[in-house]
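Counted from 1, the sequence shown has number 13 at position 13 by the UniProt record's numbering; the numbering is strictly sequential.
Here is the structure we will look at, set down as structure tokens.
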Amino acid sequence: MVLDIRTWEQTFQELIQQEKPWAKWTLRLKEEIEADSVAPEWKQHQQTAVGRFWCTSCHQSWDSAQVKILCHVYWEHWTCQGQVLMRIFAQRCPKCFYSQLENPEFSTDSIMKILENLAQYILHRYYGHGFRKRPVIWAVPLQGPHDSRECQSCLGGVCVQGSQRRIIEKPSTSSPQSLEIQGSSHPDSGVLGNNEPRFSWNILISVCFILACLTAILNEFKK
1 MVLDIRTWEQ TFQELIQQEK PWAKWTLRLK EEIEADSVAP EWKQHQQTAV
51 GRFWCTSCHQ SWDSAQVKIL CHVYWEHWTC QGQVLMRIFA QRCPKCFYSQ
101 LENPEFSTDS IMKILENLAQ YILHRYYGHG FRKRPVIWAV PLQGPHDSRE
151 CQSCLGGVCV QGSQRRIIEK PSTSSPQSLE IQGSSHPDSG VLGNNEPRFS
201 WNILISVCFI LACLTAILNE FKK
């Protein structure tokens, strides 16, 4: 289904007003927003959805379970009004050598999951409701692993794959705080070195202790 932001906004507003009838929220697409670059008093929300892409060059299609959706959220508590800026990241055709970024299409069920997750986040963050994120259900057959080289969000460091690659390639330019932010979107990801061999400090302490004992024994013999 081709993205119709007006229909998305109407459905999103209805989901909010089911719990807060007086609340007024708007939803707008904005390609310029970036991850971890949020204006003061705004909050960031990210989620992953299943989508389908169509190549305008070769007319082939492919499904992806790694369609990243970034939202910047702002709420004025004195007016009970809020706004959401949404960016849906594109992908390139994995078969074409030269291809442009293509925007995804979503099924009706995927759209509802996206909007329900967003509404649940807002109800939890600003109205104190319990947060129950709907799990992603794979409704389409997926072929092969996610190709981070053709993914706009991976290249921008939004995907887990892109974040991990950027951390490993440029460890000296990332602060501990930025490492935690980049790896927080996946339970198995973390700070640089999760899968790297670590030096055992216990072995070093044991070796130093043995050397100290040998030195003391040699000194006694010299006396």
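Virtual Cβ for every residue (Gly too), placed ideally from N, Cα, C.
Small disclaimer: the values here were computed from a predicted structure and weren't measured.
Beta-carbon contacts of residue i that lie in its chain and below 6 angstroms, excluding the five residues immediately before and after
| i | result |
| --- | --- |
| Tyr121 | His45 |
| Ser26 | One point to set straight first is that residue 26 is Thr, not Ser, in the sequence displayed. Contacts found: Gln83. |
| Tyr126 | Trp75 |
| Leu29 | Ile5, Met86 |
| Asn103 | Ala90 |
| Trp54 | Ser61 |
| Gln100 | none |
Residue i versus the options, residue with shortest Cα-Cα distance
| i | options | result |
| --- | --- | --- |
| Ile33 | Trp22, Val84, Trp25, Thr11 | Val84 |
| Ile88 | Gly51, Ala23, Val73 | Gly51 |
| Leu70 | Thr108, Gln13, Lys43, Tyr126 | Lys43 |
| Ser61 | Phe106, Trp78, Phe209 | Phe106 |
| Ala49 | Thr108, Ser206, Thr56, Gly128 | Thr108 |
| Ser37 | Glu220, Tyr98, Val73 | Val73 |
Three-way DSSP call (helix, strand, coil) for residue i in this model
| i | result |
| --- | --- |
| Leu85 | strand |
| Lys113 | helix |
| His124 | helix |
| Leu70 | strand |
| Arg165 | Here Arg165 scores only 36 on pLDDT, less than 50, and its place in the model is too uncertain to base an answer on. |
| Phe221 | helix |
Same chain, Cβ closer than 7 angstroms to residue i, five either side skipped, listed in chain order
| i | result |
| --- | --- |
| Cys58 | Cys93, Lys95, Cys96 |
| Trp22 | Cys80 |
| Gly130 | His124 |
| Ser178 | Annotation note: pLDDT 26 at Ser178 (below 50); position unreliable, no value reported. |
Check: residue i C-beta below 7 angstroms from any heavy atom of the ligand MN
| i | result |
| --- | --- |
| Gln17 | Although the ligand MN was asked about, the structure shown includes no ligands whatsoever. |
Beta-bridge pairing of residue i - partner residues as DSSP gives them
| i | result |
| --- | --- |
| Trp75 | Gly82 |
Segments assigned beta strand (DSSP E), at least 3 residues, entirely inside the stretch 4-66: 24-29, 43-54
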